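Number of protein chains: 4
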Amino acid sequence: MAGNTIGSIFRVTTWGESHGEALGAVVDGCPPGINLDTKDIQEALDRRRPSGVVSSTTRKEADKVEILSGVFEGKTTGTPISLLIRNSGADPSAYHELKDIFRPGQGDFTYLQKYGLRDWRGGGRASGRETVARVAAGAVAQRIIAKAGIEVLAYTTAIGGIEINRDKITSYKDLRKVHANNLFCPDPQAATFMEVKLETARKEGDSLGGIVEIIVHGCPAGLGEPVFDKMDADLAKALMSIGSVKAVEIGDGINVAKMKGSQANDQMTKRGFKTNHAGGILAGITNGEEIFLRVYCKPIPSIAKQQQTLNTKGKEKTIEIKGRHDVCVIPRIVPVCEAMINIVLADHLLRQKAIANE
Amino acid sequence: MAGNTIGSIFRVTTWGESHGEALGAVVDGCPPGINLDTKDIQEALDRRRPSGVVSSTTRKEADKVEILSGVFEGKTTGTPISLLIRNSGADPSAYHELKDIFRPGQGDFTYLQKYGLRDWRGGGRASGRETVARVAAGAVAQRIIAKAGIEVLAYTTAIGGIEINRDKITSYKDLRKVHANNLFCPDPQAATFMEVKLETARKEGDSLGGIVEIIVHGCPAGLGEPVFDKMDADLAKALMSIGSVKAVEIGDGINVAKMKGSQANDQMTKRGFKTNHAGGILAGITNGEEIFLRVYCKPIPSIAKQQQTLNTKGKEKTIEIKGRHDVCVIPRIVPVCEAMINIVLADHLLRQKAIANE
Amino acid sequence: MAGNTIGSIFRVTTWGESHGEALGAVVDGCPPGINLDTKDIQEALDRRRPSGVVSSTTRKEADKVEILSGVFEGKTTGTPISLLIRNSGADPSAYHELKDIFRPGQGDFTYLQKYGLRDWRGGGRASGRETVARVAAGAVAQRIIAKAGIEVLAYTTAIGGIEINRDKITSYKDLRKVHANNLFCPDPQAATFMEVKLETARKEGDSLGGIVEIIVHGCPAGLGEPVFDKMDADLAKALMSIGSVKAVEIGDGINVAKMKGSQANDQMTKRGFKTNHAGGILAGITNGEEIFLRVYCKPIPSIAKQQQTLNTKGKEKTIEIKGRHDVCVIPRIVPVCEAMINIVLADHLLRQKAIANE
Amino acid sequence: MAGNTIGSIFRVTTWGESHGEALGAVVDGCPPGINLDTKDIQEALDRRRPSGVVSSTTRKEADKVEILSGVFEGKTTGTPISLLIRNSGADPSAYHELKDIFRPGQGDFTYLQKYGLRDWRGGGRASGRETVARVAAGAVAQRIIAKAGIEVLAYTTAIGGIEINRDKITSYKDLRKVHANNLFCPDPQAATFMEVKLETARKEGDSLGGIVEIIVHGCPAGLGEPVFDKMDADLAKALMSIGSVKAVEIGDGINVAKMKGSQANDQMTKRGFKTNHAGGILAGITNGEEIFLRVYCKPIPSIAKQQQTLNTKGKEKTIEIKGRHDVCVIPRIVPVCEAMINIVLADHLLRQKAIANE
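Chains as they are written, first to last, in this note's numbering: chain A, 785 to 1142; chain B, 785 to 1142; chain C, 785 to 1142; chain D, 785 to 1142.
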C-alpha cells in the first residue's frame, strides 16, 4: 500500500503537491464531541510559516485552512474531517529549467526511479511544503491529547553547530516560552549566535543543519503497543518520516551505549522514578514520566553553490539553485515535529482506550 | 489495534512469552514458489543463540523451529507460514520471588500499568526472548530479498565505550567475515578489548551497552513509500521496536546537524553518487547506494548490583537480580537487527512490485 | 478504526456530509502513469445524477469534480489523488424541523446512539449523497482495471416487483446498451412498466425497492485473497456497504441452497467451464469466467405517508416527510455498484501483482 | 496484502492446511483480564466436529486445541493468543491420484492459477478444514461479547429444499434448543425429513445445499463504522468468506426489493421499534434490535457421481471422487457462522469503545 496514511485508530491521510492546486489531510477516527474550530488549526499553520532570518523563500503562502467535513456546530461528529489548504502562491515556472536535472540531496532522482515519472514543480510531493497537511492534522490530534492533559513541546537546541546552554533552562516553564522566539530556541543568547551563523551561510549560498528536541508533558502511563507498535517505535517512525531528519534519539539516546546498567536504569522510590534516562518509555510503553526525543536534521539541500549532478538522460551537469530558499529547516520543522507527536499520541490514547481493562 | 504485526504486504505477526509454552510467528503475504527449508530458519536462530563471554544465561534453549504451514515440497505456497519454537528450557520458578516487584529498566511497571495484570515469568512478552520469533520470520524475508540481490549485514562497532578501528575495515568483504566472530565485530583487536570489558562488568554485577551498524548491499533504487512509510521511517521503526535500542541513525546520522548543505549533499557523476552521506535513502526512497544504519543499545537492565525500587503495593524495596544474565545485548541483537531489516525490505519490495509502472 | 477507507493497496478514503461544504475522496496507491482526466470522473458522476421519473429531488447539484493532487500532465504520479466535489445546492434549512426527530428507516437514531451527537442536515454522512465520492473514486479504479481488460456493468433487473424478461437479453452486447436508458434497464418494455409503477408510488407518497445485477467481463483468473479477503467476500462487503442494499448474491446465489452438487458444480472441458453457476469465483479466487452479482435494495425510507416515530427526548411523534424525494434508489445506485466493484477489482489486481509468482 | 487476517482492533490471523502439520490462529488485540480456558475453545471445536448422518468423512480428527500464549493464570494478558490444533488424522495419500486434476467446484483450478503451484493434499488451504481455526478464534471473541451481554445463535433452516416450519418457533428460547440437535435445526420434524433427504443424496453419490440463519441477541445500539465498515458490510464479508456461502441476507433481505417504504420502514413507539425489517442495523449501525442474517450454502462439490473436468495439462478427464465425504456443509458450518459473527462483533465493540463520546 502507498504510505500516505499514519495511525491505526486515529488515522491521518495527507495529499498534495508543492505546486499543485492544494494540499490537505483527511482525519478519520477522531472521536465525536471534540471542540474544533478553524482557528485552532490556523494557529498551528501560522506557526509553521516562514519568518525571520532563516527564511528567504519568496513564495508567499497564506496557508488558509478550510474544514470541509466532520465538524458540526463547533464539534467533531465522528465522521472524517477533511482539511484543505489551497496553494495560492504556487508558481512552477521557476522550476521549469530544473525539470530534467537531479538536484543533489533532493528526491528528484529517487521519485523518478520509483514512479517512472515525476511532478517536477518544486519537488512535487517530496517538497517540505507537504508538511502543511501534517501540521493541520496535528492540530486536530492536539485537541484530543489536550483533553487527556498531554502537552507536546518542541524547540531548537542547535543550528549549524551552535548549541543552547542547558544551564539556562531549569524548568519546563522556561521551555514554554520558546514560541515567543523566531527560532523556537529556549536560549536567547544562543539564538542570537544562530542568527549570525544563518546569515553567514546564506551569504555563502550554503545551508545549515540543526537539532530539535521534543518534550511530552503529562502523558499517562500505559500507552504503546508492543512488540512492533511500541511507543518509541511509532514516535521514531513519525519523526523519521519528516524530510530532513536523519537520526532520532529517545531519552539518553546515543549516550546509553556507553553507560552501565547501574547508570542507565531508572530506580524508583515512593516519589516515583529517581531519574529519567529512559525518556519516559519502558519496554515500549509510557511510564508516566516526561517523554524526551531528539531529532537531527540535515541542511536544506537546495543551495546556490555550484554542485555536480546528472540530468535525466544521464549527462553530467553543474547546478546552482537560484531563487531564494530557506537556509535551514529549523525553525519550520519545529511545529511539524509537534504535529507528528500529537498524531502518534492521539492514536495511542484511543488504542489504549479500546482495550483498557476496566 | 494491538501491535504484534509488522508489514503491509509481507506481514509478520509474532506471539509468545519468555516462559510460556512456545513462541512463534505467522508470515502472511510471502509470495509462492520461494525455496524455504527449516534449515534456513534454523541457521538464523542458531546465530541468535547466546555464546561466548557475553552470555551467562543458564537457560538452555534449543530453539528448534517447526514450519507448520505454508510450505509444500520445499516451496512456499502463498498461504501463511506458521513458525513454532517451543520453550524447552522455561523455568519460571526463579521469577516467583520477583513477581510483585518492579525490576528497574524492565517493562514490569509499564506492562502492569497498561494491562492491569502481567505475566511475570521472566518478563513475559517483554523479554528479549520474544526476538526469537523475529529472527525466524526474518529468515523467510531474507529468502525474498536474496532473490532480488539484496544482502543485509549487521555488526558490532562498540561495546562499553570501546569502538572498532575503522581503518581496518576497508571493504564490504571485510565486513562479511564478522559472522566468524563471537561478538560479530569486524575488528578482532577491538573484540578482544570488548571481551575484557565485558568480563569486568560481569564481575562487578553490572552490564554494558553498545552500538550496532547495519549495511544493506544491493538494494535497488525505488523502494519506500512517502510520505509516512518512507524507507527510513519504516527502518527506524523496525529497529526502535527492538527492546534495548534508544537511538537510530541513517547515513551520516547525528553528524548531519553540524554539516552544511554543500557537505551533506551527495553529488552525482556518470559513475554514480560521489558520496553516500544520505545512507542510501533520498526523500524516503532508496537511491541504489548502500543503506547505512546505526543503533545505540542500552545496557541490559537486569544487574546483580543493588537497586532501589517499588513493589506492586507501592512499598520501597531493594533488589539484586540474582541468577546469571547476559552482560550485554550485543551480540545477540545483531541477528535481530538483520531480521528486522530483512522484513522491512521484503515488504517494500512487494509494495513496489504492486504499483510499478511497467 | 473508523471505517471510511476501503482497499488495502488501492485505498479509497471518502469524506463529506450531505449538506456540508463538500464531499470527496483520497485515492492512495494508484499506480503511476495511468491516464486520468477530470472528464473521466465527471462522466461517471453525471451518470449518477438524478434524472427522469424516478427522481424528484428538488436539490440541484452540479457535482463538478476537481482533481487537486496526484495527477500531472494528464497522468497519475503515484501520489495520492484528491478529488473534491463542492456542495453547491445544499440547503439545510428544510431539515431544521426534523433535527430532533428520528426518521424511520434512516440513520438518525443509530448515528445519535453511536456518536452522541449528529449532523442532522439531510442525513449528514448517512445520506445517499455520500456515494458521490465513491463514484468519483470508482472512476479512477476503472482506469486501472480497464488497462487489464476488465469491464464492470451494472443494470436494473427489477423495480417494485416488476422484473425484466431475461429472454430478451441474449448477449453481453445487449447489456451494454443499458446506459442509454434512464433506468439502466436492459428490457425497455419492463422499463416502461417500472416507470408507471414508480409514478404511482410517488403519487401515493410511498417508495419502491428493486434489484440490480452486476456483470464483470474480462476478469483474469487468480484474483482474490483467501481466506478472509476472498474475492466474493470483498465484493459482498463493498456492495453491502451501500446504504440500501440488504442482500447480496454471487452466481446462482440463493438458488444454490436447493441444488445438488451434480447441478451446482461447473464442469470443465477443453473449451473451458461448461456452466457458470459459481458466478466466476471458486474458493474465493476468480476463475476467468464472468463474475455475476445481484443486490437487493430496500425502498427509500423518506416517504410522505404518515409514520409513527420518536423524537430525541423519547416522545412519540408522527412524521410526514415533505419535500420531494427520490421514489427509488434505482437507477442512481447502478453507477454506485459499478464504482464499488471497480474499486475492489483494482485493489485485488494490485494485490495479485505484488505476490505473483513469475 | 494476503487475506488471512480479519478485524481491525480484535484481529484474527489464521493459518494451516488440511493435511499439513497443524492449523491455528493468532488472536491479537484481545483485551486483558478476560477469563479464558482451553475448555471454552474445545467446546466450540467439538460442536464443529462431524457427527450424525450428514457426515461420512472417514477422517478422524480429535481437534484438540492448545493455547500457546497470551493467557496467564486463566486470564488473557493483552498479548497475542496463539491457538494450535494439530492434524492428527491427516493422510494425504488418498489425494495423490487427484493431484493433477481439477475437481469441479473446488479451488484446485483457481489456486493453481493464482499461486502457480498448489498443495494438493485434501484441498490444502482451500479445504473446509481451515474453518477449525475460525471456530477456535471465534470462541475467544465469544468471551468478549458475552461480557457485553451479546449472544450469537445460528441454526439450520433448510437442507436440500426442505425448510423448517416457522410457526413452530415462537421465541428466542425455542431457538436456543437447537444445539441439542445433530443438524442444529429448530424444527425436529423438518430435521427428520432432512436426514432422509441427506441419506438419499449420499446413496446417489450426490450432495445437498442448505440455509443457515443467525440471530444476534443483546447487541447494544451504536456498533458499526460507516461508510465502508458498516456492521452489515463487515458481517456480510465475514459470512461470505466461508467456503460454501453464495448469498447473504440481512433482515428482510431479498424481500425488501418488493416492498414499499411504508412496509419496509420500522416505525418507533415508546416501547421501541414496532417491527424489525431492518434486521437490527440502520445506516450500517446496530439499533439495539436483534440482528438477523441468512446465508445460502452450495452443495459440497466433492461427489461420487461422474463429472467432466481437465487435468493440469489441459487434457479432458472424467472424475468420480471416491472416499467418503460429507453430504452437506450443514450442520458443520453452523458453528463456523457463529464464530465469524463473534469475531466481527468483538472487533466492533472495541472499535466503538475506542471512540465513544463519554
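Note that the Cβ used here is the ideal one computed from N, Cα and C, for glycine as well. All values reported here derive from a predicted model rather than from experimental measurement.
At a beta-carbon threshold of 8 Å, the residues of chain D lying near S866 of chain B are W799, G800, A806, G808, ordered along the chain. Taking a C-beta cut-off of 8 Å against chain B, none of the residues of the segment 1063-1076 of chain D qualify. Counting the other CB atoms within 10 Å of its CB gives A1031 of chain C a total of 16 or more, which places it among the buried residues. Per the C-alpha coordinates, the member of A:K1054, A:T1070, A:A942, A:L1094 positioned closest to K1042 of chain B is A:A942. Beta-bridge analysis with DSSP links E947 of chain C to C:A942. A917 of chain B: member of the alpha helix (DSSP H) spanning 915-931, first to last residue. Here D903 of chain B is buried, its C-beta having at least 16 other C-beta atoms within 10 Å. Chain-ordered, the chain A residues with CB closer than 7 Å to the CB of L901 of chain C read P816, G817, K859, T861. Rounded to whole angstroms, the separation of the alpha carbons of W799 of chain B and V1000 of chain A is 30 Å.
Not a single CB atom of chain C sits nearer than 8 Å to the CB of C969 of chain D. The segment 1057-1075 of chain A and the segment 1010-1029 of chain A touch, with three or more beta-carbon pairs separated by less than 8 Å. In chain order, G787, N788, T789, I790, S1025 make up the part of chain B whose C-beta sits under 7 Å from the C-beta of F1012 of chain A. R927 of chain A is classed as buried because its beta carbon has at least 16 other beta carbons within 10 Å across all chains shown.
Beyond the five residues adjoining it in sequence on each side, H963 of chain A comes within less than 8 Å, by CB distance, of R831 in the same chain, given in chain order. Counting only Cβ-Cβ distances below 9 Å, I934 of chain A has no contacts in chain D at all, with the closest Cβ about 17 Å away.
Between the alpha carbons of P1115 of chain D and L967 of chain D lies a gap of roughly 5 Å. In the same chain as G1072 of chain C, and ignoring 5 residues on each side of it, the C-beta atoms closer than 6 Å to its own belong to A1005, in chain order. Our two residues, D1131 of chain B and A1062 of chain B, have alpha carbons roughly 22 Å apart in a direct line. Sequence-distant Cβ neighbours of G907 of chain C in its own chain, meaning closer than 7 Å and more than five residues away, are S802, Q890, G891. With a cutoff of 8 Å on beta-carbon distance, A910 of chain B and V996 of chain B are scored as not near each other. For the set A:S866, A:S1046, A:D1110, A:G1035, the Cα lying nearest the Cα of L1077 of chain A is the one of A:G1035. Neighbours of I793 of chain D across chain A, judged by C-beta separation under 9 Å: S792, I793, R1135, A1138, I1139. At a cut-off of 8 Å between beta carbons, C1081 of chain D contacts chain C. Contact of N1049 of chain C with chain D by beta-carbon distance below 7 Å involves P888, G889, P1085, Q1091. For D812 of chain D, the nearest beta carbon of chain C is not closer than 8 Å to its own beta carbon. For I1117 of chain C, the closest Cβ of chain D is not nearer than 8 Å. Below 8 Å, too few C-beta pairs join the segment 911-919 of chain B and the segment 1092-1106 of chain A to call them touching: fewer than three.
When only Cα atoms are considered, E935 of chain D and E947 of chain D end up about 24 Å apart.
By alpha-carbon distance to K957 of chain B, the top candidate from B:P970, B:N965, B:I1026 is B:P970. Residue contact with chain A for D1016 of chain B: present (Cβ-Cβ distance below 8 Å to some residue of chain A). For the pair I1105 of chain B and S1086 of chain B, the Cα-to-Cα distance works out to about 6 Å. Under the three-state reduction of DSSP output, M1015 of chain C falls in the helix class. Contact annotation: the segment 1013-1024 of chain D touches the segment 1016-1029 of chain C, with at least three C-beta pairs closer than 8 Å. For A923 of chain A, there are no C-beta contacts with chain B under 9 Å, since the nearest C-beta of that chain is about 17 Å from it. If you draw a 10 Å sphere on the C-beta of S1046 of chain A, you find 16 or more other C-beta atoms in it, and that means buried. Taking the beta carbon of E850 of chain A as reference, the chain C residues within 8 Å of it are E805, listed in sequence order.
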